[in-house]
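In our numbering, the protein residues as written are 1408 to 1565.
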């Protein structure tokens, strides 16, 4: 992990290595699955920052998991444009389908369901983001069923 930190820090002038904080947090999450208080301290020490400054970054952005999550993290946008086009209903539908509430993880550890701030695709609402990487648009109940069933099948084939 430290070698990967060094590669990110090298992209910035020596006196601005704190600029790599987001990249370092992303590395931690890729390797550990989430950003713990202990890993925030590792990043802080490496970048010469206070642990609180790193924690502020971790808690500001919802792409950093502060606790272990399911294999598939589903972030459903519920900001106004998505709400007007059934974003909240999509979240409620997923809660029912998965048998969990927003912020929870299924008992099998497969899905974590989260509410999200604007994902920047308002014209495609309701939208959601899978594992902070894959944008899904126009999420009707049928499309939500296909997504969840497809992810379950992918897990079974892996």
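Just so you know, even glycine gets a beta-carbon here, dropped at the ideal spot from N, CA and C.
Bear in mind the structure is a predicted one, so any value in this text is a computation, not a measurement.
- By the 16-neighbour rule on beta-carbons within 10 angstroms, residue 1459 is exposed.
- In the three-state reduction of the DSSP assignment, residue 1535 falls in the strand class.
- Between the beta-carbon of residue 1504 and that of residue 1555 there is about 6 Å, and that keeps the pair under the 8 Å contact cut.
- Annotated as distal: residue 1474 and residue 1453, with beta-carbon spacing of 8 Å or more.
- Here residue 1509 carries a coil assignment [DSSP, helix/strand/coil].
- A contact between stretches requires three or more CB pairs, one per stretch, nearer than 8 Å, and the region 1508 to 1527 fails this requirement with the region 1442 to 1452.
- Beta bridge pairing from DSSP links residue 1483 with 1522 and 1535.
- For residue 1429, no beta strand (DSSP E) encloses it; the enclosing alpha helix (DSSP H) starts and ends at 1428 to 1439.
- In the three-state scheme derived from DSSP, where H, G and I count as helix and E and B as strand, residue 1459 is classed as helix.
- Here DSSP, grouped into helix, strand and coil, assigns residue 1543 to strand.
- At the C-beta level, residue 1532 and residue 1494 come within 8 Å of one another.
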